[in-house]
């Protein structure tokens with residue numbers, strides 16, 4: 001089992017953006033034939049989106065402290081699902097704290113990874129109580145297993161969005177938009193193929209089986225939106241798409257919650273409260289987590 005697959009199973013291994021001013025840049029509806037300035041407008045909006053996206057992504061990869069909420073949801077369908085991950089990253093290499101919960105009872109996993117450590121500590125919810133006799137479970141690290149920033153919570157949302165945009169499919173035209181609210185909040189967005197988003201399921205740490213690639217309609221599109229506050233600072237990144245039929249709408253994203261609170265960083269668990277899973281057994285351990293989630 002690859003480390004990226006382990007991230008997808010556990011789902012929780014884990015800004016000031018220099019942007020163009022948004023005032024007066026909101027797109028407008030145009031009736032009738034396309035105007036001559038349509039291409040120029042799209043070029044301008046593309047530059048706004050790219051600058052905001054790059055500035056925010058660079059901020060995450062620069063080793064800055066991060067606090068926020070990562071989420072994966074399906075809403076408006078016959079079988080809604082919601083998974084959230086409260087995330088704190090401090091230092092370089094990052095000490096990472098993740099508190100994950102889903103709409104399934106007892107499906108919670110807290111993660112503590114001390115920067116530079118070769119292990120992660122998991123605090124398993126009641127759904128997984130049979131897997132460990134102690135409060136905490138120690139496993140070989142996924143978060144610190146490589147220098148890949150896409151292994152980190154929050155940054156992986158940017159990685160998934162970047163890969164989806166770079167993939168293209170030769171058929172789905174990228175359409176850019178920019179809207180501004182009365183309070184100065186602005187959202188720059190671009191459309192891409194939904195299939196490209198689904199192809200990044202492991203990078204985005206989507207729960208197994210949440211979206212079946214075979215069920216994605218040909219030509220289905222998704223929207224990638226980056227939100228900035230009135231001062232131009234990064235607020236949120238979201239990937240969204242209608243899944244078709246009665247499946248509802250997929251939402252994947254990260255929302256910044258401001259400055260990191262040092263009090264949110266706990267100490268490492270006491271050795272007396274820890275069960276250690278050996279490398280030889282770790283794949284089976286993660287498979288058991290997935291089995292319990294699938295029941």
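Numbering (UniProt numbering), first residue to last: 1 to 295. For each residue, glycine too, the CB sits at the ideal point set by N, CA and C.
- If you draw a straight line from the Cα of residue 123 to the Cα of residue 79, it comes to about 27 Å.
- The Cβ atoms of residue 239 and residue 220 lie no closer than 9 Å to each other.
- Residue 244 is a Cβ neighbour of residue 217, given a cutoff of 9 Å.
- In its chain, beyond the 5 residues on either side, 14, 60, 66, 68, 70, 87, 89, 254 have a beta carbon closer than 8 Å to the beta carbon of residue 154.
- Close CB contacts of residue 127 within its chain, under the 6 Å cut and outside five residues either way in sequence, are with 106, 107, 292 (chain order).
- Taken through DSSP and simplified to helix, strand or coil, residue 203 comes out as coil.
- C-alpha of residue 176 to C-alpha of residue 161: approximately 15 Å in a straight line.
- Residue burial is scored here from C-beta neighbours: residue 120 has at least 16 other C-beta atoms within 10 angstroms and is therefore classed as buried.
- Secondary structure at residue 212: coil, using DSSP grouped into helix, strand and coil.
- Across the set 84, 229, 284, the C-alpha of 229 shows the shortest separation from the C-alpha of residue 258.
- It is roughly 24 Å from the alpha-carbon of residue 178 to the alpha-carbon of residue 156.
- When DSSP reads this structure, residue 96 sits in a beta bridge with 89, 113.
- Taking the CA atoms as reference points, residue 114 sits about 4 Å from residue 95.
- Annotation for residue 160: the continuous alpha helix (DSSP H) segment containing it runs 155-167.
- For residue 282, the CB contacts under 7 Å within the same chain, skipping 5 residues up- and downstream, are 139, 140 in chain order.
- For residue 188 against residue 49, the beta-carbon gap comes to about 4 Å, under 8 Å, which counts as contact.
- When only Cα atoms are considered, residue 251 and residue 204 end up about 11 Å apart.
- By alpha-carbon distance to residue 247, the top candidate from 234, 263, 211 is 211.
- Residue range 274-276 is occupied by the beta strand (DSSP E) that includes residue 276, with no alpha helix (DSSP H) assigned at that position.
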